[in-house]
Amino acid sequence: MTDLNGVPVASLEGEIDIANAAQLRAQLTAAVPNTASRFIIDLTPTSYLDSRGVHLILEVAERAARGQQLVRLVVPSDSHVYRILQFSRVQDAVPIDATVEDAVRAITKAHP
Amino acid sequence: MPAVTRILIVDDDPALLQALPETLRLRIDGAVVDTADSAAAALERIKAVDYDAVVTDIKMPGMDGLALLNEIRSLRPETPTLLITGHGEHDLAVKALRGGAYDFIAKPIERDYFAASLNRAIRTRHLKRELDAQKADLEEHAKQLERAVQMYEREHSIAETLQRSLLPRRLPDIPGITAAARYLPATPEAVGGDWYDMFSLPGGRVGVVMGDVAGRGIQVASLMGQLRNALRAYAGEGYPPSVVLSRLATIIEPTEMATLLFMVFDPSSWKIEYANAGHPPPLVATPDGHAAFLEGGSIPLGPALNQTYRDFTADLVPGSLLMLYTDGLVEDRATDLNESLHRLRDAVVRSGNDDVEHLADRLVKEIRSTSAGSDDTALLILRIAELDPSKIELTMPAIPASLPAIRHSLRRWMADAGVEADDAYEVLVASCEACSNVIEHAYGLANGDVEVYATIVQDVIEVTVRDRGTWTPPRGVHRGRGLHMIRALVEDMEVRQTDQGTIVRMRYRRRGSRNDVDRADQGDGSQRSAGSVAGGGN
């Protein structure tokens, strides 16, 4: 969990499957305070992700929407993970940016 | 003899009660003499004090000496009782002896005889007491021994359970590798610290371990468990064998000792990297009939603090056999170690390209026929073959932890077969979606396996994932999304339910060969723009 220009950024490293999805969700929920008005999930270092990962992202997005928190996802558009997210139309629920800088810029503009 | 000898004199004659104690004190070492002037008073005292001897007049008003003797016999059967009889009362004396009196003293009392008889009675009494004490000690000792035996048996069974639970119940199914393992305790009672392990590592590499913790029992088994788990953890983080061993050297106490061999096989380079902490050298046999021990290593873990280890490498060729073992296989008091090693090497060479299970059985039989094997013996044999680039078969326990291993195997196989990264990734996700479903839904709480068969025929990669369980009715979003994902990724998918489980078959066509406009690329374009619109809109 890092902070970029006052925006919390949670990076998910390695592989996400049923073996660790629940654990990652717990870590993510603990890392992002309910008081944060916005945050970014960075999937750049994620090497593998399947439907459990998709489910994890959608759950976090749903939670954020209920708490009126803004959330953006960072995934390089040429990555394999990006393609998997597209199949599940994750971008309909969470806006996706190619870099953390893009995401920070967009989220700061929306909610200065 | 105890320092104090307690004697009770019972008589209704005050003169005698006055005179006798003094007589006894002079003639018997450490005598402490009590007196009672009636049988009733005497009984009170006898109940309270365990006298070394009682002397009683036979004729007394109220309860007489014979009646008192009777009472003493039932109250304190071990207390010798002497009776004083009147002159010429021969019949009474006989009665007294028959009634269990130790002796009788006739009046007028002959003092030296009296003292001698009393001394004998007291000595007998003391000896009996000592015997009783020794008998009680022996019984206590026997009980302690019995408890110790029970504890040992319990400890042994815990140690055995622990040790067995640390050995892999089944070696992992790693494509290209057939492996056989054996563990032979020296005697059924002995549980040693031998263990072996084999596991997948990131990048398709394979870790192989053989270790031996010195000693027996629970502590040894638990140290073995610590080493095993720490080794897996360090190895999983990608440290080379030398670093893994150097780290393990810091968790073992200087009073403990373990030999340990850790090898990592990298299928992409056909190199094996290893570090050895005082363990017997592993044997490598190539298919052309050459066999050699891999030398190189350092002292065992434990005795030296901050011991560091270094890595050695060896090249393998397809079809090579790798054998790891503990010293029980080669150490035999009667035979020179070098000779044992030669014999082992010859046995492996003779086996040629025999099945590893057969070879393991044969080696075990040979150990048992010689005097080797007086120590525990563990044996792990691997035959490492080239992967058939056209197909792969995997059987793994249906648990989440199997997924990374399945991914490693499929990745390695597809990389070897020249499948491009983009295709490989999609096949990987589709296959693992199907495997995840099996893991979550096929067996309920029971144990079972997930089986994966995959083939490449020209431009089509076909993956079949099957289970032998009863597919529970679809529920929850996960499973729906998983199947949706598979459909999005592959050209064609078929789910077939049979009495023996469910079969999911997926056909994937490689990108370069797709006749139509590439489905995925088309999706890419439209969806990426959707993403950026969403981004710009905020």
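Going down the list, the sequences are from chains Z and P. Read left to right, the first sequence gives residues -11 to 100 (the working numbering). Read left to right, the second sequence gives residues 171 to 708 (the working numbering). Here a beta-carbon is modelled for each residue, glycine too, at the ideal position from N, C-alpha and C. Please read these numbers as outputs of a predicted model, since none were measured by experiment.
Check                                                                                                                               : Outcome
Neighbourhood of residue 664/P by C-beta distance below 7 Å, restricted to the same chain and skipping five residues each side      : 675
Chain-order list of residues whose beta-carbon lies under 7 Å from that of residue 647/P (same chain, five-residue window excluded) : Low per-residue confidence applies at residue 647/P: pLDDT is 49, beneath 50, and the placement is therefore not dependable, though the value from the model is reported in the following sentence. Answer for residue 647/P: no residue qualifies.
The beta strand (DSSP E) enclosing residue 65/Z, as first and last residue numbers                                                  : Looking at the DSSP string, residue 65/Z is not in any beta strand (DSSP E), and its letter there is neither H nor E.
Short Cβ contact (8 Å threshold) for residue 343/P with residue 564/P                                                               : yes
Residue 1/Z, buried or exposed, once every other Cβ within 10 Å from all chains shown has been counted against 16                   : exposed
Residue 224/P - partner residues in DSSP beta bridges                                                                               : 178/P, 251/P
Selection from 492/P, 368/P, 261/P that minimises the alpha carbon distance to residue 451/P                                        : 492/P
Pairwise C-alpha distance: residue 660/P and residue 629/P                                                                          : 13 Å
Beta-carbon proximity check, residue 411/P vs residue 473/P, cutoff 8 Å                                                             : no
Test: residue 75/Z CB closer than 8 Å to a CB of chain P                                                                            : yes
Under 7 Å from the C-beta of residue 599/P: neighbouring residues of chain Z                                                        : 38, 72
DSSP-derived helix/strand/coil call for residue 207/P                                                                               : coil
CA nearest to the CA of residue 553/P, picked from 182/P, 189/P, 523/P, 442/P                                                       : 523/P
Spatial distance of residue 435/P from residue 483/P (CA atoms)                                                                     : 10 Å
Contact under 8 Å by Cβ, residue 437/P with residue 489/P                                                                           : no
Start-end ranges of the alpha helix (DSSP H) lying completely within the region 559 to 597 of chain P, minimum 4 residues           : 572 to 586
Neighbouring residues, chain Z, relative to residue 655/P (Cβ below 9 Å)                                                            : 38, 39, 42, 72, 75, 76
Per-residue contacts from residue 7/Z into chain P (C-beta, under 8 Å)                                                              : 570, 571, 573, 574
Candidates -9/Z, 13/Z, 24/Z, of which the one nearest residue 40/Z by Cα                                                            : 13/Z
Residues within the region 80 to 91 of chain Z neighbouring chain P, beta-carbon criterion of under 9 Å                             : 80, 82, 83, 84, 85, 86, 90, 91
Sufficient close CB pairs (3 or more, under 8 Å) joining the region 392 to 409 of chain P to the region 377 to 384 of chain P       : yes
Residues bridged to residue 634/P (per DSSP)                                                                                        : 623/P, 675/P
Buried or exposed by the 16-neighbour rule on C-beta atoms within 10 Å, applied to residue 420/P                                    : exposed
Residues in the region 599 to 613 of chain P having any Cβ partner in chain Z nearer than 7 Å                                       : 599, 602, 603, 606, 609, 610
Closer than 8 Å to chain P by CB, residue 3/Z                                                                                       : yes
Interface residues of the region 386 to 414 of chain P facing chain Z [CB-CB below 9 Å]                                             : none
Selection from 444/P, 569/P, 238/P, 330/P that minimises the alpha carbon distance to residue 620/P                                 : 569/P
At least three beta-carbon pairs within less than 8 Å, the region 35 to 54 of chain Z to the region 4 to 18 of chain Z              : yes
Cutoff 6 Å; reference residue 255/P; Cβ partners in own chain excluding five residues on either side                                : 228, 262, 263, 274, 276
Per DSSP, the bridge partner or partners of residue 445/P                                                                           : 432/P
Residue 651/P at chain Z interface by Cβ criterion, 8 Å                                                                             : yes
Residue(s) in a DSSP beta bridge with residue -3/Z                                                                                  : -10/Z, 28/Z
Proximity below 8 Å, CB of residue 479/P to CB of residue 415/P                                                                     : yes
Inter-stretch contact at 8 Å, needing at least 3 Cβ pairs: the region 29 to 39 of chain Z / the region -7 to 7 of chain Z           : yes
Exposure of residue 429/P, with buried meaning 16 or more beta-carbon neighbours within 10 Å                                        : buried
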